[in-house]
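Position one of the sequence shown corresponds to residue 1 (the UniProt record's numbering), numbered consecutively onward.
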Amino acid sequence: MPPPPPPSIPAFAAAQLSLLDAELKAETAETSLLVSQSSPTTLQRAGLAVLNLQVASQRTGFGGKTVVELELDAAVGGGDIPEHGLRTGDIVAVQEQPAGSARKTEKTELRKRGVEGVVLKVTSGVIGVALDKDEADVPLGKLWLIKLANDVTYRSSRMNQTMKTLQDMKESEQSPFIQVLFGQGTPSPVDVELDRLSLKDDEWIDPSLNDSQKDAIRFALAAKEVALIHGPPGTGKTHTLIELILQMLKRNQRVLVCGPSNISVDNIVDRLAPHKQPIVRLGHPARLLPSVLNHSLEILTKTSDAAGIVQDVRRELDAKQASIRKTRSGKERRAIYGEMKELRKEYRERERGCVAELIRGSRVVLATLHGAGGFHLKNERFDCVVIDEASQALEAQCWIPLLSASKAVLAGDHLQLPPTIKSLNSKVRGSSTSSSSNNSKGTRMSLETTLFDRLLALHGASIKRMLTTQYRMHEKIMRFPSAELYEDKLTAAAAVKERLLRELGYGVQDSDETREALVFWDTQGGDFPERSEDDNNNNGDAAGKTTTTTGNKMGMGLRESKSNEAEAGLVKTHVHRLVAAGVKAEDIAVITPYNAQLSILSQLLKEAFPGIELGSVDGFQGREKEAVIVSLVRSNAEHEVGFLGERRRLNVAMTRPKRHLAIIGDSETVGRGSEFLNKWMLFLEEQADLRYATMEDVFDEGTAAMAAAAKDAQ
1 MPPPPPPSIP
11 AFAAAQLSLL
21 DAELKAETAE
31 TSLLVSQSSP
41 TTLQRAGLAV
51 LNLQVASQRT
61 GFGGKTVVEL
71 ELDAAVGGGD
81 IPEHGLRTGD
91 IVAVQEQPAG
101 SARKTEKTEL
111 RKRGVEGVVL
121 KVTSGVIGVA
131 LDKDEADVPL
141 GKLWLIKLAN
151 DVTYRSSRMN
161 QTMKTLQDMK
171 ESEQSPFIQV
181 LFGQGTPSPV
191 DVELDRLSLK
201 DDEWIDPSLN
211 DSQKDAIRFA
221 LAAKEVALIH
231 GPPGTGKTHT
241 LIELILQMLK
251 RNQRVLVCGP
261 SNISVDNIVD
271 RLAPHKQPIV
281 RLGHPARLLP
291 SVLNHSLEIL
301 TKTSDAAGIV
311 QDVRRELDAK
321 QASIRKTRSG
331 KERRAIYGEM
341 KELRKEYRER
351 ERGCVAELIR
361 GSRVVLATLH
371 GAGGFHLKNE
381 RFDCVVIDEA
391 SQALEAQCWI
401 PLLSASKAVL
411 AGDHLQLPPT
421 IKSLNSKVRG
431 SSTSSSSNNS
441 KGTRMSLETT
451 LFDRLLALHG
461 ASIKRMLTTQ
471 YRMHEKIMRF
481 PSAELYEDKL
491 TAAAAVKERL
501 LRELGYGVQD
511 SDETREALVF
521 WDTQGGDFPE
531 RSEDDNNNNG
541 DAAGKTTTTT
551 GNKMGMGLRE
561 SKSNEAEAGL
571 VKTHVHRLVA
581 AGVKAEDIAV
591 ITPYNAQLSI
601 LSQLLKEAFP
611 GIELGSVDGF
621 QGREKEAVIV
631 SLVRSNAEHE
641 VGFLGERRRL
651 NVAMTRPKRH
661 LAIIGDSETV
671 GRGSEFLNKW
681 MLFLEEQADL
691 RYATMEDVFD
701 EGTAAMAAAA
711 KDAQ
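Spelled out as C-alpha cells, the structure:
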C-alpha cells in the first residue's frame, strides 16, 4: 500500500496551530495544578523548586534587567544548594516561601508579590535570575524558586504568525524550496555539483576533518534546497557545522544560524568567533553566555564604529537632562523638554540605522529559532539557514527562520530524544486536549514529529549524510548503540577506542573498575525492589512521561515516579570504588530516568562526593563525562519498565561516557520490556564485566536496611 500523499501546506499549518494551542493548554494547566496542589517540599523533591533561599546580591545587568543571585539561607546552614532541576534558560518565579501553616489565601498573596525571570547562572552555591521587569522588587525574607511552564514557546506570536503565513500562502507564492520541504516538489540532483566540489586538501579550513565530515560538508554545499547532517553522539556535529559555515562564506553566501536554545547557538558563536568573521548574535544579553556577549547586538551598538554617532546623541541627551535640574525657569524647562523630545526621536532613528548597518554588514547572523523572528531581521534574506539540534526543535519553530531563505541545512540526531510534548499524555490524564491532529488528507500529525523526522520520511536517505567517526566513547561502550541504532556504521577514533579511566593523567590506580570500560551490576533476584511514590510522597519522573529536570519539561503525574533505595546504595558503592582508585568526583556523573531516585542519590552522594554530577537521563542529553553510572531503577515481579522502553532515552543514557560506563539494573525486569531492551541485556551479559549484585555490595548499611524493609513490606 503506497504511503499517503503529503498534506497541503495550508492543512499542515492549520493542524500545527491546533496542536500548539492544545500543547499550551496542557502545559499551563499542568503547571497551575502542580503549583496550587503541591507543597513546596513536594515540588523540591520533584526537581521543580528550590527552597530556603536568600538574596546574596542584586545588580543591574545588560539591557537594564535586574539580576538577583540567590544562595542557601544561613538560617538552614548555608553551603551548597541541594540537588535540583533548574537549568540556565528556565522560566522561574521568585517568591517569599510560605510557612508550613500558611493558609491558601496567604499563599495566593505571596504568589502575587513574587516576580518572574529567567535562570541566568547555576552553580553549586548560587542561582542567578534575570528578572523580567526592568525595576522589579525582589520579595523580602526567606525565598524559594519555582520552575514555570515556558508558555512563551507555545504562546509565541512569532511561531503562530509563521504558521498563519503558511496557512494563507497561495500556491503561486510557494517557492520551489518550500514545495520541496512539503513534498510538493523533488530535491534537485546534486551529482554534478558534488563532482565540482571535490575540494583539495589545502581548501579545507580545518585539515583534521575526517572523511564522513568532509562528505557531509560537500553534500550540504551541493544541495540546492535541503540537506540533513545526521550526527550520532560524539561525531563532531558542531565541528562539522563550523567548517560548513566557513566554506559558505568563502562562496560569498550569507548565512543565518539557529538552534532551539541559547546554549546551542552560543556554542557555535564560541567556535566561530576565532575565525574573525563579521558575526552578530541576536538575543537578550541576560540569556547569553558571557563569552559571546561581545558579538551581541546590544554590545555592538555601543562599541562598533557605527555606534559612535548614536553615543554622541546619547551624551547630548544626558547633558540636557542635567541642565533641567539646574534651571528654575518653567519656560526654559519646557524648551529643554522640547529639545529632548527631538533628540530622543533622533536617537531612536540613529540606533535603528546602526542596528540595520550592523546586520547588513554581517555575513553570519546567529539567533535562537524564536529570536530569528524579531524585527531586526524583518525583510532580511539569507542564502541558507543552518539549524543545529534540529531533532530537538518543534517544526513550527524551525519555520520562523526558514521563510527568510531559499535553502536549509538541518543537523541533529533523530535517534536521540525529541522535544518533550505534554499533550501526548493528555488521554492518560483525562484531558480533552489531543496529542495529534488529522489534516485534510487524513494523515496523523504530532508535535513530537520534528522537521528533521518529516523530511527524512518524505525524501529518504538521499537528502542525508551521516557522520560515522566518533571521538567520545571507548569502542566497547559504542558497540551496542552502533549496531542497533546506527546501522553498525560508527567507528571509534584511534585516540578514544581503547582509553580507560586508569589512563587519566592524574595518577589513577589500576583497579577492577578503572581497567573496565563497561560494567553491568545485575540486581536480578528480587533483593533490589523498586518503590512507587504514593500520593503523600509525590516525586516526579525525570523524563518525558512525568516530571523532567531540564528545559521546559514539567511534571505530568508526580505520583508515578519510582525509586530503588538498594540500587542507590549500589551506585554509592561503585562511586566509592572509583574515587578510592583516584578518579576525581567531578569526572563522574550519575544519571537516572526518575526524579524520585535522583532525590535519594543526592542524599547519598552529594555530601560524600562533592563535585559529582547528578541528573536525569533527559537532562544529560548533549553532555559527556569520563565515567557515567546509570541507575535503571525498575525491578518488579510484573516486569514493567515504563518509559525505559523508549530506545531513544536509553540511547542517550548509554552514549554519555568517554572511558567508563556502569549500568545498574535488574536484567530479569528490564530484559522483558522490549526486543531492544532484551538485546541490550544480552549484550551486557556477554560483553560487559558482569557482576551479580548482593546486599553485601551495598556500601551504605543504612540504605541496605531501608531496602530490606521495603522488600519485607511488599
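Beta carbons: idealized from backbone N, C-alpha and C, even for Gly.
Item, Value
"Beta-carbon contacts of Gln174 that lie in its chain and below 6 Å, excluding the five residues immediately before and after", "none"
"The region 240-249 in contact with the region 215-229 per 3-pair CB rule at 8 Å", "yes"
"Candidates Glu565, Arg465, Lys562 and Leu578: closest to Arg502 by CA position", "Leu578"
"For Glu71, the residue or residues it bridges with in DSSP", "Gln54"
"Contacting residues, own chain, Cβ-Cβ under 7 Å from Lys367 (five flanking each side not counted)", "For the sequence presented, residue 367 should be read as Ala rather than Lys. Closer than 7 Å at the Cβ level, and outside the excluded window around Ala367, lie Cys258, Val265, Leu282 and Gly283."
"For Gln54, the nearest candidate out of His660, Trp144, Lys107 and Arg623 (CA to CA)", "Trp144"
"Touch test, the region 488-497 against the region 468-476, Cβ-Cβ under 8 Å, three pairs minimum", "yes"
"Alpha-carbon spacing of Gly373 relative to Thr42, whole angstroms", "38 Å"
"Distance between Ser561 and Glu30 (C-alpha atoms, nearest Å)", "16 Å"
"Under the three-state DSSP convention, the category Arg531 falls into", "strand"
"Rounded straight-line distance, which links the Cα of Lys422 to that of Gly117", "22 Å"
"Other residues of its chain near residue 726: CB distance less than 8 Å, five sequence neighbours each side excluded", "What is shown of the chain runs 1 to 714, which leaves residue 726 out entirely."
"Those residues which DSSP pairs with His230 across a bridge", "Gly412 and Met466"
"Segment contact, 8 Å Cβ cut-off, at least three pairs: the region 12-32 with the region 581-590", "no"
"Own chain residues within Cβ distance below 6 Å of Thr235, not counting five before or after", "Leu467 and Gln470"
"Inter-stretch contact (C-beta, 8 Å, three-pair minimum) for the region 621-630 and the region 586-602", "yes"
"DSSP three-state assignment for Leu650, whether helix, strand or coil", "helix"
"Residues near Ala222 in its chain [Cβ-Cβ closer than 7 Å; skip 5 each side]", "Val190, Glu193, Leu194 and Leu197"
"Ala457 classed as buried or exposed, judged by whether at least 16 other C-beta atoms fall within 10 angstroms", "exposed"
"8 Å Cβ cutoff met for Thr523 and Ile664", "yes"
"Per-residue burial, Ala461 [other beta carbons within 10 Å of its own, 16 or more giving buried]", "exposed"
"Leu86 classed as buried or exposed, judged by whether at least 16 other C-beta atoms fall within 10 angstroms", "buried"
"Coarse secondary structure for Val579, derived from DSSP in three states", "helix"
"Burial state of Tyr506 (16 or more Cβ within 10 Å)", "exposed"
"Selection from Ser631, Leu17, Glu225 and Pro82 that minimises the alpha carbon distance to Gly611", "Pro82"
"Buried or exposed by the 16-neighbour rule on C-beta atoms within 10 Å, applied to Tyr594", "buried"
"Pair within 8 Å by beta-carbon distance, Ser404 and Phe382", "yes"
"Rounded separation between Leu166 and Leu455 - CA only", "17 Å"
"C-beta atoms of Leu485 and Asn678 nearer than 8 Å", "no"
"First through last residue of the alpha helix (DSSP H) which encompasses Ser616", "Element bounds for Ser616: not the alpha helix (DSSP H) but the beta strand (DSSP E), Glu613 to Ser616."
"Leu598 vs Gly77 beta-carbon contact at 8 Å", "no"
"Pairwise C-alpha distance: Ile242 and Glu686", "40 Å"
"DSSP bridge partner residues for Gln95 (one or two, in chain order)", "Trp144"
"Rounded straight-line distance, which links the Cα of Gly645 to that of Glu675", "9 Å"
"Per DSSP, the bridge partner or partners of Ser631", "Ile664"
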